[in-house]
Amino acid sequence: MIAPLSLSNVITVLLAAICLWTVAGQARGAVIKTWRLAIPPCLAAVDALVLLAGVFEANMEHDAEWLVAALVGAFFGRMRGWTIEVEVDQRRDLVRQHRSSDGPLIAIALLLFSLTDFTGAALLDPVLEPQFVAAGAAFCAGWLSARALAIAVRTTRLPHVELSSA
77 MIAPLSLSNV
87 ITVLLAAICL
97 WTVAGQARGA
107 VIKTWRLAIP
117 PCLAAVDALV
127 LLAGVFEANM
137 EHDAEWLVAA
147 LVGAFFGRMR
157 GWTIEVEVDQ
167 RRDLVRQHRS
177 SDGPLIAIAL
187 LLFSLTDFTG
197 AALLDPVLEP
207 QFVAAGAAFC
217 AGWLSARALA
227 IAVRTTRLPH
237 VELSSA
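The structure is reproduced here in structure tokens:
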């Protein structure tokens, strides 16, 4: 069962698109404030929670799938966060990560999950079962969250490099 197209479907697509836009700047090697590392994971987490709330026939199995997907995503995201090359300006609280494609690819996957939910709601026939869409979004949110957390933790330990803000 799937709900008809509503504002929540539009919001999930919008959140995923903004997540992709914010993570793309980081992945291009732009100099950003450290706190801005948290924006894409927060957007992804809200998106995943809204998609989980859209599962009507929820049970413990679906919730467990969502949680396991988030934990697996967090595991791989943490590993990736510790391997990305990062430069830190300790005085100005600036960060530059070297070019990487994993963040935008995960954000694109999140956008595709949101679009899948949107399409299913528009057609009143799920393209993919809602619990699987929610679990996929949870994987993406876990990846982006743990990746950003690992980078943020590393910024406190890395040597100072002069960076100029753009």
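Counted from 1, the sequence shown has number 212 at position 136 by my numbering; the numbering is strictly sequential.
Don't be surprised by glycine CBs; every beta carbon is placed ideally from N, CA and C.
Exercise. On the three-state DSSP scale, how would you describe Arg172?
Worked result: Arg172 falls in the strand class under three-state DSSP.
Exercise. Run through DSSP, which three-state label would Ile78 get?
Worked result: Three-state DSSP puts Ile78 in coil, outside helix and strand.
Exercise. So who's on the other strand from His236, going by DSSP bridges?
Worked result: According to DSSP, His236 bridges with Val164.
For this session: Can you grab the Cα-Cα spacing for the pair Leu83 / Val122, in whole Å?
Result: Their backbone Cα atoms lie some 15 Å apart in a straight line.
Problem set entry | Buried versus exposed, by CB contacts within 10 Å (16 or more), Phe194 | Buried, by the Cβ-count rule.
Exercise. Which partner residues does Ile108 have in the DSSP bridge list?
Worked result: Bridge partners of Ile108: Val171.
Problem set entry | Contact between the region 83-96 and the region 142-155 (3+ Cβ pairs under 8 Å) | By the Cβ criterion, the region 83-96 is not in contact with the region 142-155, since fewer than three pairs of Cβ atoms, one from each stretch, lie closer than 8 Å.
Problem set entry | Separation of Leu225 from Val131, as counted between CA atoms | When rounded, the distance between both Cα atoms is 28 Å.
For this session: Would you mind stating whether Ala79 and Trp142 have Cβ atoms separated by less than 8 Å?
Result: For Ala79 and Trp142, no; Cβs fall outside 8 Å.
Exercise. Ala268 and Ala145: beta carbons closer than 8 Å?
Worked result: Because the chain here runs from 77 to 242, residue 268 falls outside it and cannot be looked at.
Exercise. Val171: buried (16+ other C-beta within 10 angstroms of its C-beta) or exposed?
Worked result: Around the C-beta of Val171, 16 or more other C-beta atoms lie within 10 Å, and the residue is accordingly described as buried.
Exercise. Going by the beta-carbon positions, is the gap between Leu96 and Leu199 smaller than 8 Å?
Worked result: No, the Cβ-Cβ distance between Leu96 and Leu199 is not below 8 Å.
For this session: Indicate whether Leu113 and Ala183 have their beta-carbon atoms separated by less than 8 Å.
Result: Going by C-beta atoms, Leu113 is not nearer than 8 Å to Ala183.
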